[in-house]
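So the structure is just underneath, and the comments pick up after that.
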Amino acid sequence: MTVRRIVAGAFLAVLLAASFGSLVFPRLSYSVQNREFLDAAPSAHFPLGTDELGRDRLARLLYASRFSLLFAAAASLGSLVLAALLGGLAGYWGGWVDRCLVRAIDLMLSLPWLFLLLAARALLPLNASPVTSLLVTYALLALLGWASPARVVRAGVRSFRDSEFVLQARAEGLSEARILWRQVLPNLRPILLAQFWTAIPVFILTEANLGFLGLSAGEPFPTWGSLLRELQSPLFVRPEAFAPVAAITLSVCCFRLMSPKGRLHI
Amino acid sequence: MPVWFIRIARHAAALAVTVILGGILTAALVRNSPGFTADERLLDPRLDAQSRALIQSEHAADRDVFRFYIRHVGAMLRGDWGVSQSLDAPIRDLVRSRLPVTAEIMAIGLVGGWILAFGFALAAVCFRGWSRVGGSLSVVLLSVPSAALAVLIFTTRGPTRAIIALILFPRLFDYLRNLLTDAYARPHIVTARAKGVGPARILAFHVLPVCAPQLLALAGVSASMAFGAAIPVETLCDLPGIGQLAWKAAVARDLPVLVSLTMLITLLTQACNVVSDWAGSGLKGARA
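So the sequences go chain by chain: E and Z.
Using the working numbering, you'd call the opening residue of the first sequence number 5 and step up by one each time.
Using the working numbering, you'd call the opening residue of the second sequence number 519 and step up by one each time.
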């Protein structure tokens with residue numbers, strides 16, 4: 005493991021640990037409105053100031069870090085499970101199953117999925133709870149983000165399907181399900197891991213763009229994306245409101261450095 | 519039947535199927551969203567029961583997604599794209615008036631992004647130090663949300679119409695650097711360099727012809743990237759383009775506009791990909 009990856013991993017671990025700070029400091033709340041400190045400048049009491057409703061920006065940023073990191077990882081896992089199932093099915097069975105699934109993958113990859121996300125996410129009920137809106141947003145990301153990893157998984161499974169160790173396992177009379185579970189899946193682990201690390205920053209950035217457009221978690225729930233909404237009126241915004249941008253940028257940089265692709269490029 | 523005709527027919531069929539399936543997927547996603555029947559107008563306390571019933575009945579025609587979709591596509595083929603429920607204007611007119619704005623910022627973004635990315639990639643291949651500079655810049659720009667990048671440029675009074683170029687740069691740079699590195703390592707190009715052929719001549723007559731099919735394919739993909747980037751940029755900068763229309767339609771739950779725009783964007787991005795594929799395969803064929 006390189007020093008760069010250790011530093012990136014340590015930063016993400018510290019950020020995630022800090023995001024659980026509310027467990028140690030119950031004063032930190034993302035929804036309490038301090039009406040006497042509306043849009044306050046940074047101070048000892050509020051290190052990042054308050055927003056226009058008097059909510060502590062630091063507390064909201066920490067909560068947002070927790071939700072965004074955990075939900076992006078969960079969405080990445082969800083899309084990876086879909087990708088492993090569909091890509092694995094296509095690669096291992098081949099034939100018409102493969103052809104149909106490859107067409108489906110091509111279709112998903114050719115669609116403008118930010119438009120699809122906008123369309124589907126915008127039609128949540130007007131009175132949807134913040135938790136529902138958050139879950140739906142990340143569920144949509146997982147549902148629409150499986151195609152790219154599925155293609156990689158399919159290619160990996162195809163290469164293993166005709167490999168000598170699978171042929172030997174088949175000759176020894178192992179069932180297809182057992183071969184998939186015991187022989188193919190363990191060999192796919194590096195591919196799946198790489199796809200997992202690659203998808204997290206993509207989902208973080210997509211949620212951030214959706215949040216900026218007001219189509220992520222509902223108020224008062226904070227995510228990195230929903231915090232960016234404050235920037236929609238950039239002429240009246242305070243510099244400390246850019247703290248979520250710094251958190252997103254640093255985290256995504258760290259994820260990219262930790263993923264195999266990131267290591268290749270710098 | 520000539521081979522070129524079969525190839526064109528196959529591409530056209532694939533294009534049509536993708537656009538139709540894309541439209542069905544959008545319509546199904548939108549129709550099955552839990553709040554499809556909700557309407558902001560119903561929150562108006564001044565409305566009486568009759569007015570509420572009338573507003574609710576507006577959605578009744580769209581309940582069967584396939585019936586809605588077939589009716590919508592049929593009308594689109596006849597030139598009638600329907601009427602926007604939220605903006606109360608024909609969708610065709612809305613698209614026609616907004617398309618030039620999006621086309622302009624996309625063209626500026628694509629040209630700027632390609633110049634930046636190609637320049638940095640070329641410098642990275644020729645000078646080792648530039649690889650680190652370009653790589654670091656690319657990672658940083660790739661890590662900033664497009665919307666935040668747009669805000670940063672807007673607040674620093676930078677060129678707002680060049681934002682898409684900065685969004686595209688890191689996505690193009692990585693690929694171009696790898697492509698050029700591979701090309702410059704080819705034996706005939708190494709030989710040409712060893713014989714003292716000038717760098718401009720090597721680039722124009724040896725490297726670019728080798729990379730042309732991949733460059734054309736990337737050009738097709740970059741057009742669809744630019745469409746995605748246009749949404750936050752147009753929304754933030756209040757540019758009346760297609761991206762802003764999509765956002766407004768999404769916020770106002772305007773199903774006809776959303777379906778029409780998704781089909782249009784799918785058609786345009788697919789057309790870009792098909793054209794770049796044709797050009798790429800044509801070049802390969804000519805070289806063979």
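Glycine included, C-beta positions come from ideal geometry on N, C-alpha and C.
As the structure is a prediction and not an experimental result, all values here were calculated from the model.
- Look at the stretch 194 to 205 of chain E: the residues with a C-beta under 8 Å from a C-beta of chain Z are 205.
- At least one beta carbon of chain E lies nearer than 8 Å to the beta carbon of residue 750(Z).
- Using a 10 angstroms sphere on the CB of residue 590(Z), the tally of other CB atoms reaches 16 or more, which defines it as buried.
- Within its own chain, the residues whose Cβ lies closer than 7 Å to the Cβ of residue 88(E), once the five positions on either side in sequence are excluded, are 157 and 196, listed in chain order.
- Its chain contains 648 as the residues whose beta carbon lies nearer than 6 Å to that of residue 641(Z), once the 5 sequence neighbours on both sides are disregarded; these appear in chain order.
- Only buried fits residue 258(E), as 16 or more other CB atoms lie within 10 angstroms of its CB.
- Judged by beta-carbon spacing, residue 23(E) lies beyond the 8 Å limit of residue 204(E), meaning their Cβ atoms are not closer than that value.
- Nearest CB-CB separation between residue 6(E) and chain Z: not below the 8 Å threshold.
- Just so you know, the alpha carbons of residue 762(Z) and residue 243(E) end up roughly 26 Å apart.
- Taking a C-beta distance under 8 Å as the contact criterion, residue 659(Z) and residue 690(Z) do not qualify as a contact pair.
- The shortest C-alpha to C-alpha distance from residue 541(Z) to any of 783(Z), 526(Z) and 661(Z) is the one to 783(Z).
- Residue environment for residue 781(Z): buried (at least 16 other C-beta atoms within 10 angstroms of its C-beta).
- With respect to residue 65(E), residue 248(E) sits close: the two C-beta atoms are nearer than 8 Å.
- Taking a Cβ-Cβ cut-off of 7 Å, the neighbours of residue 116(E) in chain Z comprise 742, 745, 746, 780, 783, 784 and 787, given in sequence order.
- With 16 or more neighbouring CB atoms inside 10 Å of its own CB, residue 724(Z) falls in the buried class.
- For residue 572(Z), no CB of chain E lies under 8 Å from its own CB, so it is not counted at the interface with that chain.
- Closest by C-alpha distance to residue 142(E), out of 116(E), 50(E), 121(E) and 183(E), is 121(E).
- According to the DSSP assignment, residue 91(E) belongs to the alpha helix (DSSP H) that extends over 61 to 97.
- Nearest CB-CB separation between residue 10(E) and chain Z: not below the 8 Å threshold.
- Taking each of 538(Z), 643(Z) and 644(Z) in turn and checking the Cα distance to residue 595(Z), the smallest one comes out for 538(Z).
- Residue pairing from DSSP places residue 608(Z) in a beta bridge opposite 601(Z).
- Flagged as an interface residue toward chain E: residue 663(Z), by a C-beta distance shorter than 8 Å.
- The alpha-carbon separation between residue 246(E) and residue 29(E) amounts to approximately 24 Å.
- Between residue 178(E) and residue 191(E), the alpha-carbon positions lie close to 17 Å from each other.
- Going by DSSP, residue 150(E) is part of no alpha helix (DSSP H) at all; its letter is neither H nor E.
- In this structure, the CA atom of residue 215(E) is about 55 Å from the CA atom of residue 714(Z).
- Close partners of residue 209(E) in chain Z (Cβ separation under 9 Å): 660, 661, 662, 663 and 664.
- Contact annotation: the stretch 691 to 706 of chain Z touches the stretch 632 to 640 of chain Z, with at least three C-beta pairs closer than 8 Å.
- With fewer than three CB-CB distances shorter than 8 Å, the stretch 560 to 573 of chain Z does not count as touching the stretch 733 to 741 of chain Z.
- By the criterion of at least three beta-carbon pairs nearer than 8 Å, the stretch 663 to 670 of chain Z is not in contact with the stretch 609 to 629 of chain Z.
- Among the CB atoms of chain Z, none fall inside 8 Å of the CB of residue 54(E).
- Looking at 546(Z), 767(Z) and 748(Z), the one whose alpha-carbon comes closest to that of residue 623(Z) is 748(Z).
- Residue 744(Z) sits away from residue 617(Z), with the two beta carbons spaced by 8 Å or more.
- Proximity to residue 189(E) across 209(E), 163(E) and 72(E) peaks at 163(E), based on C-alpha coordinates.
- For residue 210(E), the secondary structure class from DSSP, reduced to helix, strand or coil, is helix.
- The beta-carbon separation of residue 776(Z) and residue 132(E), rounded to 18 Å, does not stay under the 8 Å limit for a contact.
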